[in-house]
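J.:
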Amino acid sequence: MMSQHHAAKHRNQSRTKTTRRSPYSILFCMIIVMVPLNMICFFMTVRSVHTDVNTDIIATQQEGSRSQQKQQQSDNFESSLLQLRCFTTPGCFPTVKCRQGIPQKIARQRKYEEQSFCIDDVRGSSSNSSSLTKNENVDSKGCLVYSFGVYNSLEWEAKVAHYLGCEVHAFDPTMDFPSNIAPGLTFHRLGLQGEGTDMSTTHAVKYDAIDPSLLLSLEDIMIKLGHQNRVIDVLMLDCEGCEWGVLRQLVCEGGDTAMVKQIVTEFHFQYNLGLKDEQDVMIAAEAVSCLRKDRWAVTSIETNNAGWREWNYARGVSS
0 MMSQHHAAKH RNQSRTKTTR RSPYSILFCM IIVMVPLNMI CFFMTVRSVH TDVNTDIIAT
60 QQEGSRSQQK QQQSDNFESS LLQLRCFTTP GCFPTVKCRQ GIPQKIARQR KYEEQSFCID
120 DVRGSSSNSS SLTKNENVDS KGCLVYSFGV YNSLEWEAKV AHYLGCEVHA FDPTMDFPSN
180 IAPGLTFHRL GLQGEGTDMS TTHAVKYDAI DPSLLLSLED IMIKLGHQNR VIDVLMLDCE
240 GCEWGVLRQL VCEGGDTAMV KQIVTEFHFQ YNLGLKDEQD VMIAAEAVSC LRKDRWAVTS
300 IETNNAGWRE WNYARGVSS
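Numbering (numbering that gives the first Met the number 0), first residue to last: 0 to 318.
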């Protein structure tokens, strides 16, 4: 979980027992929170190419430049792998406690889909460390929750609306639920499209291609719903690979990260879920670097095994 908060969950029901597993064949549930931390930035650089008027010198320098560029790309890629390994290693990436209470889970029928987040930090929450009870006096427009990638279950979203009194919006471009699901819970047949990734073709093997017209940026969705002047208390991302581009756009592309308090995300590292080549790995690492630079920290991290059909990885991601 990160804070601004992030947690990862996995909805793939396939489970395969094995004694030998790649360290990257697991999904990470995290909560991320924004806190005052020391800033460390990861920079990607491109070396300039200098040539001379002499043809022989130009050819030599161009060959040397290509060699330098390949070496630079290799260095950037190795640095990116280190960024991702740090991000998924408990204690390496900055951590922080919830402002109130401890990370808690909202019970679900599918236990493997439960994820911890800072419930007591959610504005309008009536929870305490031991139980969740309905608060009849909360302002239903106080706390705002976005949940992307609900698939065929709205259990978590309905409980958040009921127990925490939040205004909850659920999104999934592959589902066709009615708009008004329950008091405080609204469904939208929309998905997220982040910077540098194409979610119309990047998805789990069990899903069909997604209509690109149903994919919008987080900012565009907030404007569409009239929430541009509000703060998202919990941003849940279970969007089968969209998380890297979405986070990169949110924290690296000049987005207003103050509009989100907690990010609960399922991070994927597989080939067909967003990390298909070295460029994708570097995009993911840039997102991680920007999270650190923008003072986000992990409050909860959990592992969730990936189904065997998803065990395909870009070079260096699995070992």
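All residues carry an ideal CB built from backbone N, CA and C; glycine is no exception.
Have a look at D210, I209, A208, E242 and flag the residue whose alpha-carbon is nearest the alpha-carbon of L217.
T.: Working through the sequence shown from its first residue, we reach residue 217 at position 218. It is E242 whose Cα lies nearest to the Cα of L217.
J.: Less than 8 Å between the C-beta atoms of V245 and L191, yes or no?
T.: The sequence position of residue 245 within the sequence shown is 246, counting from 1. The sequence position of residue 191 within the sequence shown is 192, counting from 1. Yes, Cβ-Cβ distance for V245 and L191 is below 8 Å.
J.: Using a threshold of 8 Å, state whether the C-beta atoms of D120 and Q227 are closer than that.
T.: Residue numbering aside, residue 120 sits at position 121 when the sequence shown is read from its first letter. Residue numbering aside, residue 227 sits at position 228 when the sequence shown is read from its first letter. Taking 8 Å as the Cβ cut-off, D120 and Q227 do not qualify as a contacting pair.
J.: Could you check what DSSP says for D175 in three-state terms: helix, strand or coil?
T.: One-based indexing of the sequence shown puts residue 175 at position 176. Three-state result, D175: coil.
J.: Alpha carbon to alpha carbon, what distance is there between G315 and K292?
T.: Stepping through the sequence shown from its first residue, residue 292 is reached at position 293. Stepping through the sequence shown from its first residue, residue 315 is reached at position 316. If I take the Cα positions, the gap works out to 25 Å.
J.: Which residue's Cα is closest to the Cα of Q248: K275, A286, S212?
T.: Residue mapping note: residue 248 aligns to position 249 of the sequence shown, counting from 1. Here the closest residue by C-alpha is A286.
J.: Give me the Cα-Cα distance between Q67 and S73, rounded to the nearest whole angstrom.
T.: As a working mapping, residue 67 is identified with position 68 in the sequence shown. As a working mapping, residue 73 is identified with position 74 in the sequence shown. The alpha-carbon atoms of Q67 and S73 are separated by roughly 10 Å.
J.: What do you reckon, are the CB atoms on C165 and L189 nearer than 8 Å?
T.: Looking up residue 165 in the sequence shown gives position 166. Looking up residue 189 in the sequence shown gives position 190. Cβ atoms of C165 and L189: not closer than 8 Å.
J.: Which class does A313 belong to by DSSP, given the choice of helix, strand or coil?
T.: Indexing the sequence shown from 1 puts residue 313 at position 314. A313 falls in the coil class under three-state DSSP.
J.: According to the neighbour-count rule (16 or more other Cβ atoms, all chains shown, within 10 Å of its Cβ), is R294 buried or exposed?
T.: Within the sequence shown, residue 294 is the residue found at index 295, counting from 1. Classification for R294: buried.
J.: Tell me the DSSP secondary structure of L236 in three-state form.
T.: Here residue 236 corresponds to residue number 237 of the sequence shown, with the count starting at 1. In the structure shown, L236 sits in a strand (DSSP, three-state: E or B).
J.: Give me whichever residues DSSP pairs with S146 in a beta bridge.
T.: Residue mapping note: residue 146 aligns to position 147 of the sequence shown, counting from 1. Its beta-bridge partners are A169, M235.
J.: If the criterion is Cβ atoms closer than 8 Å, does the pair F186 and P177 meet it?
T.: Within the sequence shown, the letter at position 187 stands for residue 186. Within the sequence shown, the letter at position 178 stands for residue 177. Contact: yes.
J.: Ordered along the chain, which non-local residues of its own chain (more than five positions away) have a Cβ less than 6 Å from that of A181?
T.: As a first step, residue 181 is located in the sequence shown; it is residue number 182 there, counting from the start. Excluding positions up to five away in sequence, the list reads A157.
J.: Looking at the secondary structure, which residues open and close the beta strand (DSSP E) in which L184 lies?
T.: Walking along the sequence shown from the start, residue 184 turns up at place 185. Here the beta strand (DSSP E) through L184 covers 184–187.
J.: With respect to the alpha helix (DSSP H) encompassing V95, which residues constitute its N-terminal and C-terminal limits?
T.: In the sequence shown, counting from the first residue as 1, residue 95 sits at position 96. Run containing V95: none; DSSP gives neither H nor E here.
J.: Apart from the five residues on each side of it in sequence, which residues of its chain come closer than 7 Å, Cβ to Cβ, to E154?
T.: The sequence position of residue 154 within the sequence shown is 155, counting from 1. Closer than 7 Å at Cβ, skipping near neighbours: R107, Q108.
J.: Kindly give me the distance between the Cβ atoms of L234 and Y145, rounded to whole angstroms, as I take these residues to be in contact under 8 Å.
T.: Translated into positions along the sequence shown, residue 234 becomes position 235. Translated into positions along the sequence shown, residue 145 becomes position 146. That belief holds up - the Cβ atoms of L234 and Y145 are roughly 5 Å apart, short of 8 Å.
J.: State buried or exposed for G90, treating a residue as buried only when at least 16 other CB atoms are found within 10 Å of its CB.
T.: Here residue 90 is taken as the residue at index 91 of the sequence shown, counted from 1. The residue in question, G90, is exposed, as its Cβ has fewer than 16 Cβ neighbours within 10 Å.
J.: So L274 packs on A283, CB below 8 Å; how close in whole Å?
T.: Along the sequence shown, one-based indexing puts residue 274 at 275. Along the sequence shown, one-based indexing puts residue 283 at 284. Confirmed, about 6 Å.
J.: My output table needs one value for T302: the three-state DSSP class, helix, strand or coil.
T.: Against the sequence shown, residue 302 aligns to sequence position 303. Looking at T302 - three-state DSSP - the assignment turns out to be strand.
J.: Please work out which residues of its chain come closer than 6 Å, Cβ to Cβ, to F92, disregarding the five sequence neighbours upstream and downstream, and give them in chain order.
T.: By one-based count along the sequence shown, residue 92 stands at place 93. Correct list, in chain order: C85, F86, V297.
J.: If you follow the alpha helix (DSSP H) that Q278 is part of, which residue opens it and which one closes it?
T.: The residue given as residue 278 occupies position 279 in the sequence shown. First-last of the alpha helix (DSSP H) with Q278: 277–292.
J.: Checking the sheet assignment: what are the DSSP bridge partners for G190?
T.: In the sequence shown, counting from the first residue as 1, residue 190 sits at position 191. L214.
J.: For the putative contact between S152 and E301, defined by C-beta atoms under 8 Å, what is the C-beta separation to the nearest angstrom?
T.: Numbered from its first residue, the sequence shown carries residue 152 at position 153. Numbered from its first residue, the sequence shown carries residue 301 at position 302. With 8 Å as the limit, S152 and E301 do not qualify as a contact, their Cβ atoms being about 19 Å apart.
J.: Between which two residues does the beta strand (DSSP E) harbouring E265 extend?
T.: In the sequence shown, residue 265 corresponds to position 266, counting from 1. Start and end: 259–266.
J.: Can you tell me whether DSSP reads V245 as helix, strand or coil?
T.: Reading the sequence shown from its first residue, position 246 is the one you call residue 245. DSSP places V245 in helix when its eight states are reduced to three.
J.: Between the C-alpha atoms of L214 and G193, what's the straight-line distance to the nearest angstrom?
T.: By 1-based counting over the sequence shown, the position of residue 214 is 215. By 1-based counting over the sequence shown, the position of residue 193 is 194. Going by the C-alpha atoms only, they are around 9 Å apart.
J.: For Q103, write down the residues that DSSP places opposite it in a beta bridge.
T.: Along the sequence shown, read from residue 1 onward, the residue named residue 103 stands at position 104. BP columns for Q103 point to F116.
J.: D232 and G148 look like a contact to me (Cβ under 8 Å); what is the Cβ gap, rounded to whole Å?
T.: Numbered from 1 along the sequence shown, position 233 holds the residue referred to as residue 232. Numbered from 1 along the sequence shown, position 149 holds the residue referred to as residue 148. The Cβ separation is near 18 Å, so there is no contact.
J.: If we ignore side chains and look at the alpha-carbon of each, how far apart do D321 and G225 end up?
T.: The structure shown does not extend to residue 321, since the chain spans only 0 to 318, so no value can be given for it.
J.: Can you give the beta carbon distance from A208 to Y270, rounded, assuming they're within the 8 Å contact cut?
T.: As a first step, residue 208 must be located in the sequence shown, where it is residue number 209. As a first step, residue 270 must be located in the sequence shown, where it is residue number 271. The pair is not a contact, with the Cβ atoms about 16 Å apart (cut-off 8 Å).
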